[in-house]
Each structure stands twice: as C-alpha cells, then as structure tokens.
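Residue numbers (the numbering used here), protein chains in the order written: chain A, 3 to 554; chain B, 2 to 481.
Glycine included, each C-beta is placed from N, C-alpha and C at the ideal position.
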C-alpha cells in the first residue's frame, strides 16, 4: 500500500494543467516543474500521497517552500467553480421558468474584454506573490464583461485562469492504473496497445489472476499461481498482473516512515562491491527461482521488453535482487518453448569443472564458470518448467496472430485454467472466436474420429492432416466469449450534471476469454434430440443450444 | 481447507464446490458429495439433474477440473413419492440405531452409473466470475465488468482490507476476497442476513471474510460494538447502499472521541459507491466534498458482449442452416433473372404446344447452382460480429473518492528533521549514471586507449587482450 513517498521512488505529479509527470524522487535534489516552479525533493519525501502542495514564493528559515493545501480549500474552489461557493449557491438568477436569466446573448466574440494587456500580465507574474492567486484575482477584476457572464461561464473562466497561473501540484502514487492513464494521455498510446483501466480490471478478473497464498504445496496439489503471459505492451500487462499477485511493489510490507532507514534498494544493489574478496557472502536469491505465485513471460525476441517495470523499481537490465519480481518473474523465448535445442543457452551445457581444478583457476575465470553454470541451470529449469505446462492461466496481449499463440499455449494449461486475449481492435479476435465456433468444433471432432477409425488397432493415429486444417484445437477451449467495456466519465455539479462532452477516441479494446477444458474420449451421441425438442416447447429458453449441436 | 476459489487441487475433490457448466451462461453450482447429503434417494448417491441429463457426483469426483462429463442414466421416476418416503423412513430408522458404521456400509452399495446419450457438461473449478454467473440471485448483482473496474480503481491488492456494505448476492465479496487474499474484506449486510454466511463457509472464505449484520447508517463500521469496537483498518470501501451519504460520516479520519477510525491510518482510503440513480450519486458527492474526500469522480461502465457469426448470403445457399437465400452480387441477381426468364419462356412455349401429339412435359427445374465449393461449411460466408441481443445498458453510477492518510504536525516535524528541506547536494540536471555504468565506460575508454597505443607501436598484434578485458567487464556486470 502506498502510505508515504519513499526516497528513490517514482511518483506521478499532477499539475494544475491536469498534466501528469512521472518523476523519480531522489533525496537532496531539486524537482523542476517548468513554469509551475521548482522545489527540493526532501520537502515531499516521507509525506503522504494525494496531498496537494502549493509552491510559495519565499521559503521560511528552515527552507520550506511548500504549503499543503487543505481539502476544504480545494473544495472551496470546486464549489466556487460550481457557482455555489461561499453560500452563493442560489445566486444564479433565474427567470420564471427556472432558466438562468443571464445568457450569452450580449457577449462579443472578441478578446477585448480583458483589459489587462499581455505586458501587464507578464509584469504581474514577475511581481505577484501568493502563488498566482493574485494574478487570477487581478485578471477577474479587470475583465470588463465579468458581470455579463453567467455563473457557469464565470466559473469556467476562473477555473481556466487558475489552471494557468496557480503554482500547485498533487503527488500521486505510481501504480498500474495511473501508469496506464499516463501512457494513454501523455505518451504514444499505441505502444501500450491503448490498454485502459477497465480492460486491465477485466483481464485480471477473467484471467483469475490472484495471489496464490502461502499454503504449502501438499499432496495431490500442484504448485499454484503460475501464470503465462504474452505481453507486447512493454510490461504494462505484466505489471498489472504482478500487482494483483502482490509481487510488484518492493516495499509493501514495511509501512512506517520513521522506521524506514534503508537507502533505496536500487542504490544498495549498485553500491555493493562487485569484485574483491567477499568471504561472508549472503545467500542471494537466485533469479527466477520461485515455484509458486510466478509469472512466465513468453517473448518473441531473445529478451523480453518489460521496460515499464522500471517505474516499479525493477530494471530488467540491472535487476534489484530484493525485488519480488527478481525471483517471481520468469522469461522464455518462443524458440526456447517450441524448440529448446536450437537455443545454445539451453542445449549447450557448460562442462563441469572438478573442484580441485576450479580452485587453481584465476578468480575471474572461476566467476565466469559459476556464472555460466548458473545461467545454464536457470535457463534449463525455466524452460523445462514452461514446457511441462500446467499453467493456471494465460494472459495474452500481443502483436502476434492470437491463434498461433493459443495453438501453442492452450495445451500447456491446467484444466479449468482461463485464457484471456486482449486486442485493441476487434478483427483479430473475431477471427479467433471463429476458430472456436461450434461448426468448426463439430467438423474437427468428425474428422478426428474418421482418422481414428481409419488407423488400425494399436497404431498411433496420424493427426497431422487434422492440425493442418485446424489451426487450433477447438475442443479444448470453452466457451469462446468476446466482450468490450468502456467507462463513461461524468461531470457532477449541482444542476449541471452530464457526461463529459469530450473524451478520448482511438481503439475500443476487446477481450476474448475462455476456459481450458478436456474433451471426453467417449463418443458423444446426439444430445437427446427428441426430448430436447419437447422441452423446448414447454420452456421458453432460447434455441441456440450451442454445445448440444455437437452431434456425430 | 483452503478455499477452492483461491487454491485448488488438480482434481475435483469431494466436498469441494464445483461449477457445472452446461452452456456459456448456464452454470450450476454444486458441492460435490460422495454420499446423498440431501437424501433424495437416488441409487447413484448425490445426483445433479440438468436439462442435459442427470449427473451422479460419483462421475464428477476425482476428474481433473475442466473435464467433459457425459450424462448418466439415472432412474428419476421410480423414486416416486411412496417409495422414497418408505426408503427415507427406513433410513431414518437405520440412522437412529446405527450411525457412522451404517453410512460406511451404504457407500459401496451405490450403483455404478451408466452413461446416457442425453448430453454432457464441463466440471469447472470455481472462480468469482463463474460464480457471479451462476449465483442464486438475492438482490441486484454486481457483475464482472463493474466489480473488476471497481477493484482496480480501489487499488485492492493482496494484504488490503476492504469494507463492503450491502453485500447482496455476494459476487463482489468473492471477487474482493480473491483480490485481498491475506487481508480480508468485511461484509455488512444491511438488511436480512440472508444465506451469505453459510455460503462463505461452504466456499472456505470464512477466514478471509468477516460477515457482520447491522445498520451501517447508524452503527458505522467498527468490528463488534459500534462505539468501542476494534477498527478494521480499511484501505478500501465499497458501498452498495440505497443512501451511501448516510454512511459516510462513519468513514472519517477524526472520529468522535473514544472511537477508533474505521480507516487504516497509514494508507490512503479509497472509496466507491454504487448507486443506480443520479440523484443518489449527486447527494453522495455533495457529502463527500463536505467530508474532505479528494479526487471525486463519477463514471458508468458500459459493457457489451459480442456474438461472432458467419453470415452467408447467396443463391447457392439453399438448404444451408442460418443462411440467407438472396443474390450476393448484381451479377448473380441478373443471372438469376435471366435464367428465370428463360424458364418462363420455356414454359410458355411448352404450354403452346400442349395440344400437339408429341408434347412432353418439361423436366423438373434444374438447380441454379450446380458446382460444389471446396470450402468447408464452417469457413463459408463473411465473418461478422454484433452485440448480444440483451444488453445491460445501465448498471449503476460509480462514484470514486480518495481520502489521504492521517497526517499530524508531529509527523511533519519528524519528516523535516529526517529530510532537511533546504539540503541539495547534487544539481538536479546532472545525468544520473550508475557506478557500474561509469566503471564500464572507464574500462572501455581504457581499452580504446590501449588499442590506440598498440596500433601505433606494433601493428600485427591481435586484439586478444582487449577481448579478455571486455569479457572481464561483462563478467563484472553480470555478477552485479
């Protein structure tokens, strides 16, 4: 839980202009917010999140330059913007029908109403104190047509000017929801596949992604909480799932700011001596060594692109060993999964050097040897584990053809494990849903049976022609479901409640999901046609008996 | 026993909740039993009857989750009233005399089920989503699109504590229990307790969820006694109440003296209210502003499910199910008209020669299309998608708000001592390079320098030494 701002942490700063900035808070530095001013980072370290600070013009004797803006004050503004602040609620003059009387009929569409010239405003900005409040007040004062404005447009005007001149900012914890919004609003949304909050929530729920608990893996149980993820959003999906699994934030356990004396973990890892004699070596957690509550990322290139994880204190190039992702995040390339022997890292086991021989080697050679051995063991373990499958869920948000991913991955899932595929556009998922259509499933079963009946007893059935015709096995995933969701934000102000007038367009975002099932080997005959029809007449259930149509 | 919602065994076990999926939206929840716990008198033990046949639990237990199960022939008729009553009476007598031992003996006497061809189902491990689809409706259900978004916005993560007021059908309860796992959501049913408590026990969630029953408008959210009870220290609150603004006064940082705040003092509190009407939401927001909640926002979630179909149109689709018999192109329409015209002409001519002795009736109409296509039926036609027929166009207005953690003068003072405000050691615009990177750069620079020296001194020397140097650097970096 984000209880206070930690040194070295990435935070989001929301400016008055509603802009978001991601800033790493490093102790003893200055944070610069452009035209909104600057402040020393120490003034916000240790403080709670969601506080709004105002940058004062002068600092006090201790060097404090920030003032916490109280919620009452913030809302006084909102209420002012509502046109009902300070008891002016009923100030809007209304005519007989309750319609506001002042209208915009007399308002001229020109810039002459503001009597202050640009130079004068610039002058004010230089002189005025009070963090821009004076400027806003002056601007309002010298607006010639201010009394012609309706309460609504006055509120709008005040708000606009306030956004421009007030030196305030709010510090928000950088979590997955915020990062997703930041990527969409401030960055290239395409890179994160235009993934929105509502879809992140849906992916996690339909994927049944959750912390797997600390229960010992008993008999008849398998290691739980192993999720396979194919993520081409730069790590956003991995971060979202890790958040749900409780392995994203390094500091979730310790909460008290006064007890926190540690140097930020990333610095600690860096400052560790990397060479020289180190007799009392602490046992370091091996990367990717966790067995439960893990994420396995499958990536097309030799390294996964998970660069967004750096915002959560995990840099894939320079991993922090104390971070939970260090042990719980595993990665396999598609080649390692499909054909591990083509991968030299996996296939070429470094020869074991006997201990006495090893002792004679130079220090650097010895480290190199251990490094190579460890890497090989790690790769082997992760790849073997991945190929053995039995994953508890599959989450896909990829640029690859979804069918090709599912063809490889669905057989590797445990029974009843959910499959979720996200795509910004619908077309690829419509095609995917069609791969699992009832008609195709029926055809698949019929063809399979035909092939089986052709082959003689005891002989392995040649199903290659079957897999040629059908990209995916339509019998092992049910029920293929396609959905989309969109959140509509509203403005709620007294008497002026309505949905926001504008919003972001772009990709709608779609989700395909299903569950891994095991088809019975028994030959299922027609599902009681006669009885079914009679039942149809008596009950008023819809006739689209998808599963029942599977006749042979 | 761990909850099957959270950790599951590989196989469907006795006494575990299982969800029997008949179709996409038809899921029957049942608790797997190896004995006839409801005493319905089937020869096969406990049986679940569905539209697609009867499924004795003995055919479900021990199967891997996700297995397709074929229905069995179960004699539902002969356990008629009289007989079953008699059976029951006999059993009651038996139970009265001998208890456990008799049960043991009864088990093997269960008949082995015989498979029937009436249908099948899939036995699925429970998830909050499937449960939401299957659950016995008590009140308005919070469906997956809503609760997934709410839990995400409330930042509910493992270890959090959630207060849920107005648990209703329990769909949100299950989803939030999964999300917090080792924290627990607290559930307050404002009206009748309903069956939720038993349900949570059956699902193994009773260690995670604490269900209480009270009037939260009056009594607030403290555990136990409303005035002196222990604080649940909530991080997130979900209010599904008719008048959420009445409950807000109990969710403050500074409660009346002698009482604890129900909120976690060391983390921000995230709040969501769920109201179907705009007036409720407006009133809630007004109260929130007065009580210093921040980042207040209201949204509604619009979700659609899409049906994917293949639309087939054409004159060659005669007899194909679901296809539209209609020309697919102008050319096809023209060709059809032309052929119809020709046929009409033929008939006219035929009719005019009716009286002649060599008259022959015209042959039966030949099909417009003769050629067969190679494309299998499942891949014919155009792939289309449309919204499912019944849409949920409005569920509720979701109002979100945040209350920052408690913060006192003392806390601020401590912080100022620990992090002196004026202290600046590094100018902020200096690029931050890690030690490792600096080392690496220095090493590369050294190597370059040496290379240059070597080149100037003696040309033929290979760069083996540089390579060794580079390798060493790499070792160092990987070791780090």
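The beta carbon of residue 121/B sits closer than 8 Å to some beta carbon of chain A. Here the alpha carbons of residue 416/A and residue 11/B stand approximately 8 Å from one another.
If the five residues before and after residue 24/A are omitted, its C-beta is found closer than 7 Å to the C-beta atoms of 12, 14, 176, 184 and 313, all from its own chain and listed in chain order.
Any Cβ of chain A closer than 8 Å to the Cβ of residue 170/B would place that residue at the interface, and such an atom is absent.
For residue 167/B, not one C-beta of chain A is nearer than 8 Å to its own C-beta. Around the C-beta of residue 303/A, fewer than 16 other C-beta atoms lie within 10 Å, and the residue is accordingly described as exposed. For residue 336/B, the enclosing alpha helix (DSSP H) starts and ends at 331-353. CA-CA distance, residue 151/B to residue 400/B, rounds to 10 Å. Interface flag for residue 401/B against chain A is unset, since no Cβ pair is found closer than 8 Å. Contact of residue 278/B with chain A is not assigned, every C-beta pair being separated by 8 Å or more. According to the DSSP secondary-structure assignment, residue 299/B is paired through a beta bridge with 492/A and 400/B. The stretch 52-70 of chain A and the stretch 414-427 of chain B touch, with no fewer than 3 CB-CB distances between them shorter than 8 Å. Within the stretch 206-217 of chain A, contact with chain B at the beta-carbon level (separation under 8 Å) is assigned to 206, 207, 208, 210, 212, 213, 214, 215, 216 and 217.
When the Cα atoms are used, residue 230/A and residue 330/A turn out to be separated by approximately 12 Å. Looking at the DSSP output, residue 500/A sits in a beta bridge with 493/A. Not a single CB atom of chain A sits nearer than 8 Å to the CB of residue 233/B. For residue 200/B, there is no enclosing beta strand (DSSP E); the enclosing alpha helix (DSSP H) has its first and last residue at 197-203. Annotation: the continuous alpha helix (DSSP H) that includes residue 206/A extends over 199-208.
Ranked by Cα distance from residue 213/A, the options 206/B, 181/B and 230/B are led by 181/B. Taking a contact to require three or more Cβ pairs closer than 8 Å, the stretch 381-395 of chain A and the stretch 489-497 of chain A do not qualify as touching. Exclusion of the five residues before and after residue 50/A leaves 6 as the residues of its chain whose Cβ lies within less than 6 Å of its Cβ. In the displayed model, residue 172/A falls within a strand according to three-state DSSP. In terms of beta-carbon proximity, residue 264/B stays away from the interface with chain A, with every pair separated by 8 Å or more. With distances taken between CA atoms, residue 218/B lies nearest to 249/B out of 285/B, 273/B and 249/B. For residue 439/B and residue 448/B, the gap between their C-alpha atoms comes out near 14 Å. Taking 9 Å as the Cβ-Cβ cut-off, the stretch 392-419 of chain A approaches chain B at 392, 394, 415, 416, 417, 418 and 419, given in chain order. Our two residues, residue 476/A and residue 16/A, have alpha carbons roughly 48 Å apart in a direct line.
Cβ-Cβ distances below 6 Å link residue 9/B to 126 in the same chain, with the five nearest sequence neighbours on each side left out; the list follows chain order. At a cut-off of 8 Å between C-beta atoms, residue 7/B counts as an interface residue with respect to chain A. Against chain B, a Cβ distance below 8 Å from residue 439/A picks out 309, 311 and 379. Residue 57/A places its beta carbon less than 8 Å from that of residue 169/A.
Note that the C-beta distance between residue 435/A and residue 514/A is below 8 Å.
Taking CB atoms only, residue 27/A has no neighbour in chain B less than 8 Å away. In the structure shown, residue 214/B falls within a strand segment according to DSSP collapsed to helix, strand and coil.
Nearest to residue 47/B by C-alpha distance, out of 35/B, 351/B and 350/B, is 35/B. The bridge partners DSSP lists for residue 65/B are 12/B.
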